[in-house]
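In my numbering, the protein residues as written are 188 to 403.
The structure under discussion appears below in the form of structure tokens.
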Amino acid sequence: MLLTLVTAVSLQISAAVTAAMPVAAADSSPSSSWQQVSPPDVLSAYDRDAETLLLQMANAERAHVGLPPFKLDVGLVRAARSHAAEMASKNKLAHQFSAEASLTERIAANSVLHLNREGENVAVAPNAEEAHAGLMSSPPHRDNLLSTAFNVAGFGVFRSGHWLYVTQDFGSSTPAYSVQQAQELVSSSVDQLRAQARMPRLQRVENRYAQNTACA
């Protein structure tokens, strides 16, 4: 088995947390931001079957430890695919290349989700099964796959000859509410608190000035 990984990345509100890790079939050190891999062969394309299988295996691992499955986000898939293709074109693994957008920028450009945390795994392997096994055997990558903070994901796999370049992008998605939905949630919460305190329910009065002031 030949598998190459680089350090997993987890980002929260512009703060990067990078953990050192052992690398299979590659020489890794804190000063190295990428790993050179074997030159690609001739056939290149996105491997949707491998993407699906990797997501299925990830969600099976999460179910095994009592975690909910990742929800697939097409925007994260686009971000992951673009980076997987970039790695294949350079025959290197990295989380960001020179002149390439950062993880946060790539996700923002491709997904409409509101995320408060992001993470990424990258790897190269002959097939999806070996990529998954290698990622799960590496503590920082496993932490991303089994994180309680992440609830959405998008996996991109670019096939270059006999190799799969894998990017797994993760996010912690918070719901986006319309003005009406937000008002209903606040009203419901206030009603519940007052009911618990045995206080009368407040009468809701429409006040455009108050609404505009609150949203200013």
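All residues carry an ideal CB built from backbone N, CA and C; glycine is no exception.
So, using beta-carbon positions, are residue 361 and residue 301 closer together than 8 Å? yes
Residue 324 - containing alpha helix (DSSP H), residue span: 315–324
Run the CB neighbour count on residue 381, radius 10 Å, all protein chains shown included, and call it buried at 16 or more, exposed below. exposed
Alpha carbon to alpha carbon, how far is residue 295 from residue 340? Give it in angstroms, no decimals. 14 Å
Can the beta-carbon of residue 342 be found less than 8 Å from the beta-carbon of residue 275? no
Specify the secondary structure class of residue 330 as computed by DSSP and reduced to three states. helix
Within 10 angstroms of its Cβ, does residue 353 collect 16 or more other Cβ (buried), or is it exposed? buried
Apply the 10 Å Cβ neighbour rule to residue 385 and answer buried if 16 or more other Cβ atoms are within range, or exposed otherwise. exposed
Just the Cα atoms here: how many angstroms apart are residue 347 and residue 379? 57 Å
Run through DSSP, which three-state label would residue 359 get? strand
Would you mind sorting residue 261 into buried or exposed? The rule is 16 or more other CB atoms within 10 Å of its CB. exposed
According to DSSP, which residues form a beta bridge with residue 254? Residue 254 pairs with nothing; no bridge assigned.
Endpoints, alpha helix (DSSP H) assigned at residue 293: 290–297
Member of 252, 349 and 239 whose CA lies at the smallest distance from the CA of residue 258: 239
Considering just the uninterrupted stretch of the alpha helix (DSSP H) at residue 264, what are its terminal residues? 261–277
What is the DSSP secondary structure of residue 300, counted as helix, strand or coil? coil
Could you tell me the distance, in whole angstroms, from the CA atom of residue 216 to the CA atom of residue 303? Note that residue 216 has pLDDT 27, beneath the 50 cutoff, so the model's placement of it is unreliable and no number is given.
DSSP three-state assignment for residue 281, whether helix, strand or coil: coil
Is residue 338 helix, strand or coil when you go by DSSP? coil
Measure how close the beta-carbons of residue 287 and residue 273 come, nearest whole angstrom, since I'm counting them as under 8 Å. 6 Å
Are residue 356 and residue 232 closer than 8 Å when you measure CB to CB? no
Would you identify the three-state DSSP class for residue 392, choosing helix, strand or coil? coil
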